[in-house]
Every structure is written in structure tokens, then in C-alpha cells.
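**Student:** Numbering of the sequence shown is given in the working numbering, commencing with residue 764 and proceeding in unit increments.
Don't be surprised by glycine CBs; every beta carbon is placed ideally from N, CA and C.
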Amino acid sequence: MNEQTKILVIGAAGQIGVELTLALRRKYGAENVFASDVVKEPKALKETGPWQNLDVLRADILHSRIIRLGITEIYMLAATLSATGEQDPRKAWKLNMDGLINVLDIAREEKIKLFWPSSIAVHAPTSTVYGISKAAGECWCQYYFDKYGVDVRSLRYPGLISYKTQPGGGTTDYAVDIFHSALEKKVYKCFLKEDTRLPMMYMPDAVRATIRLMEAAPERIENRMSYDVSAMSFTPAELYESIKGFCPEFQISYEPDHRQRIADTWPATVGDLEAREDWGWRPEYNLTMMVNDMLVKLEDIKM
Ligand code: AKB
764 MNEQTKILVI
774 GAAGQIGVEL
784 TLALRRKYGA
794 ENVFASDVVK
804 EPKALKETGP
814 WQNLDVLRAD
824 ILHSRIIRLG
834 ITEIYMLAAT
844 LSATGEQDPR
854 KAWKLNMDGL
864 INVLDIAREE
874 KIKLFWPSSI
884 AVHAPTSTVY
894 GISKAAGECW
904 CQYYFDKYGV
914 DVRSLRYPGL
924 ISYKTQPGGG
934 TTDYAVDIFH
944 SALEKKVYKC
954 FLKEDTRLPM
964 MYMPDAVRAT
974 IRLMEAAPER
984 IENRMSYDVS
994 AMSFTPAELY
1004 ESIKGFCPEF
1014 QISYEPDHRQ
1024 RIADTWPATV
1034 GDLEAREDWG
1044 WRPEYNLTMM
1054 VNDMLVKLED
1064 IKM
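(1) Are the beta-carbon atoms belonging to Met963 and Phe997 less than 9 Å from one another?
(2) With distances taken between CB atoms, is the gap from Ile999 to Leu955 smaller than 9 Å?
(3) Please tell me whether, using a cut-off of 8 Å, the distance from the CB of Pro981 to the nearest non-hydrogen atom of the ligand AKB is below it.
(4) What would DSSP say about Met764, mapped onto helix, strand or coil?
(5) So, under 8 Å CB-CB, Ala798 and Ala775 are touching, yes? Tell me the CB distance rounded to an integer number of Å.
(6) Report all residues from its chain with a CB closer than 8 Å to the CB of Ile770; omit the five preceding and five following residues, and keep chain order.
(7) Spatial neighbours of Asp1020 within its chain, please: C-beta separation below 7 Å, excluding the five flanking residues on both sides.
(8) Please work out which residues of its chain come closer than 6 Å, Cβ to Cβ, to Pro921, disregarding the five sequence neighbours upstream and downstream, and give them in chain order.
(9) Have a look at Met1057 and Ser1005 and give me their C-alpha separation to the nearest angstrom.
(10) Given this structure, state the Cα-to-Cα distance separating Asp940 from Ala899, to the nearest angstrom.
(11) Between Ile830 and Glu873, what straight-line distance do the alpha-carbon atoms span, to the nearest angstrom?
(12) For Asp800 and Val970, I'd like the C-alpha separation in whole angstroms.
(13) Could you spell out where the beta strand (DSSP E) holding Gly922 opens and where it closes?
(14) What span of residues does the alpha helix (DSSP H) with Trp1044 cover, start to end?
(15) To the nearest whole angstrom, what separates the beta carbons of Thr891 and Ser845, a pair I think is in contact under 8 Å?
(16) Use the C-beta contact count for Ala870: other C-beta atoms within 10 angstroms, 16 or more gives buried, fewer gives exposed.
(17) Is Gly862 a contact residue of the ligand AKB, with contact defined as CB to any heavy atom under 8 Å?
(18) On the DSSP letters alone, give me the boundaries of the beta strand (DSSP E) that Phe954 sits inside.
(19) For Val913 versus Leu877, is the C-beta distance shorter than 9 Å?
Structure below.
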């Protein structure tokens, strides 16, 4: 690690933000990783390192704080997800697009290395405002790299499964909610059809992929738009069967809602050869390993 590396995580209270911040603090030292969000500091981050209340849409304040803290790397995670974005498309567009461009401008002026997450939603870019914003965001990343040499790197995350923080308003959220119902011995009402297959990833793999991409030598990053990364792909019925192997009494019912329409446009699987070849991506968790680990960790938390 370069002596002066100072990291800012924007959107640190979200599903990826909490776990990525904790992993970065373990790796780079707590005092070198500043977590920030517009909402208050989540319990999971309290007393683990420095916290800043920052709004990515207030570019001037953000810019001066970044200079004052001597930030050299930014993980810009603040975004509205696919399902929530459909309730107020203009608001989602503003956060997802203006937020990214604000940070790209600061990265350009201060020569800061930047990570920004894209999504499998780009494979059906016009089915949600989220998909449009991710597809456009990838183009902005390429543009800032080509035109200004900004060292920006990106992954297209699949649905992410985690136990520390709940996801916030995505189409793949069922794959987290289902575990809470299983442990609370409730019947789970799934909002997607039983045979809806989507690409998914366990959070430890997502965090590892993100840090590995950011640590790769710049000449290995051939793709400045975004890399597909894949780990597993399953349907609600397959996930249910896997959980039932550990919780035999668990029951499910299927009541598809507006999110089914979004899921139907997304790919069932994605190929990640480019990420494997360019910077050595390999997932560690398959469906059974993920289910086992989720149930153990959630049980510990709930006890
Ligand atoms: C969502 O469902 O909106 C996200 C995603 C796949 O980008 N989890």
C-alpha cells in the first residue's frame, strides 16, 4: 500500500457500503478509511473508524472535505436501486447520475482513483431508470478515462446476498428477505415467480472482487466501462430448497408483484471471462456454501 492512501466510501450505510468499509478498514487501517452517507452512521460501523455526514449531491462541500481529508481513493456507492427507482424516476436519475458525475469531476481535479458499481441491470438498460443510469454511468466512466485519464474502475454486481445489512429496494432483495423469514419460522411470501433465474453473489465474494479490481495494476484494467462478475445463478425455488435442507419446516408461497416485470428483463446468467483473464477474478461461494454461511451468521446475530 502506498503510504498516503486515504479512502472515502460514499454511501457507506448501504448494503455494500457497510461490509466494504469494514473490509477496507481491516486492510488499510481504520484511520485511513472514512465512511460517509447522508443518513446517520449505522450501528455496524460505530466505533470502527472515522465517519462523515456527506451528501454526494452537494458537490462543493464534498469537494472541500475530500481535499481536507487528503483522500486518494473513492468508492462511490450512493444510488437508488431498481425497484425504488421506479417510484420516482427523476429523483433516482438525479442521485445516480449527478452523484456519479460530481465524483468523476472531483476525481479528475484531485487525481483520485475511483470505484463505482454498475449492475446486471445494464443488460436490459431501458426496463428501469436504474438500468438507464447504470448504462449511462458506464459511458461516463469510459469518457472520463479517455478524455481526462481518470483511473475509474467498475463491476456489474449481480444480486448481492448479505447478513450484516439489508438491501434497499432492489429486484433481487427476495434472496436476503427469505433467510430472515426462515429463521423467524414465518412462511415467506416471495415477490418473484419460483422459476425466475437471476445471477447472484455472496457479499464476501463481492467485497473481494471490488478490492481485487481496485488493487490491480492499471495496465491490467482493459475495460473502463464495467466488468461482469459472476458467482452463482438460481431461482427462488432452488434457493428455497437449499434453505429447507437446513430448516425442514420452512414454507414459501409465490405472489409475484411489479418486480417480476423487471426481473423478466434481466439475464439469468452472465459471463465473466474478461474479469477472470484481466485481473484474476474467481468466486469462492456457491449456493450451498452461501446458504450455510448465511444461516450460521444470521442465527448468531439473532441470538
Ligand atoms: C437490484 O436488484 O436493483 C440490485 C442490482 C442487481 O443491481 N440488487
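**Tutor:** To lay it out plainly:
(1) Position 200 of the sequence shown, counted from the first residue, corresponds to residue 963. Position 234 of the sequence shown, counted from the first residue, corresponds to residue 997. Yes, the pair counts as a contact, with Cβ atoms nearer than the cut-off.
(2) As a working note, residue 999 is residue 236 in the sequence shown. As a working note, residue 955 is residue 192 in the sequence shown. A small fix is needed here, since residue 999 is Pro in this sequence, not Ile. Between Pro999 and Leu955, the C-beta spacing is below 9 Å.
(3) As a first step, residue 981 is located in the sequence shown; it is residue number 218 there, counting from the start. No, the ligand AKB has no heavy atom inside 8 Å of this Cβ.
(4) As a first step, residue 764 is located in the sequence shown; it is residue number 1 there, counting from the start. Its pLDDT being 48, under 50, Met764 is placed unreliably in this model, and the coordinates cannot settle the point.
(5) Within the sequence shown, numbered from 1, the residue matching residue 798 stands at position 35. Within the sequence shown, numbered from 1, the residue matching residue 775 stands at position 12. 4 Å between Cβ atoms; contact.
(6) Within the sequence shown, numbered from 1, the residue matching residue 770 stands at position 7. Sequence-distant partners of Ile770 (beyond 5 residues in either direction) whose C-beta falls short of 8 Å from its own C-beta, in its chain, are Leu787, Tyr791, Asn795, Val796, Phe797, Ile834, Thr835, Glu836, Ile837 and Tyr838.
(7) Position 257 of the sequence shown holds residue 1020. Hits under 7 Å: Phe954.
(8) Here residue 921 corresponds to residue number 158 of the sequence shown, with the count starting at 1. Leaving aside the five residues that flank Pro921 on each side, the residues in its chain whose CB is nearer than 6 Å to its CB run, in chain order, Ile883, Pro962, Met963 and Met964.
(9) What you label residue 1057 is simply residue 294 of the sequence shown in a count that begins at 1. What you label residue 1005 is simply residue 242 of the sequence shown in a count that begins at 1. In a straight line, the C-alpha of Met1057 is about 12 Å away from that of Ser1005.
(10) As a first step, residue 940 must be located in the sequence shown, where it is residue number 177. As a first step, residue 899 must be located in the sequence shown, where it is residue number 136. Their backbone Cα atoms lie some 30 Å apart in a straight line.
(11) As a position in the sequence shown, residue 830 is number 67, starting the count at 1. As a position in the sequence shown, residue 873 is number 110, starting the count at 1. Put simply, the backbone Cα of Ile830 is about 8 Å away from that of Glu873.
(12) In the sequence shown, the residue the question calls residue 800 occupies position 37. In the sequence shown, the residue the question calls residue 970 occupies position 207. Taking the CA atoms as reference points, Asp800 sits about 19 Å from Val970.
(13) Start at 1 with the first residue of the sequence shown, and residue 922 comes out as number 159. Element bounds for Gly922: Gly922 to Ile924.
(14) Within the sequence shown, numbered from 1, the residue matching residue 1044 stands at position 281. Neither: Trp1044 is in no alpha helix (DSSP H) and is coded neither H nor E.
(15) Counting from 1 along the sequence shown, the entry for residue 891 is found at position 128. Counting from 1 along the sequence shown, the entry for residue 845 is found at position 82. Thr891 to Ser845, Cβ: 5 Å. Contact.
(16) Position 107 of the sequence shown, counted from the first residue, corresponds to residue 870. Buried: at least 16 other Cβ atoms inside 10 Å.
(17) On the sequence shown, position 99 is the one that residue 862 refers to. It does not: the Cβ of Gly862 is nowhere closer than 8 Å to a heavy atom of the ligand AKB.
(18) Here the question's residue 954 lines up with position 191 in the sequence shown. Per DSSP, Phe954 belongs to no beta strand (DSSP E) and is neither H nor E.
(19) Position 150 of the sequence shown holds residue 913. Position 114 of the sequence shown holds residue 877. Yes.
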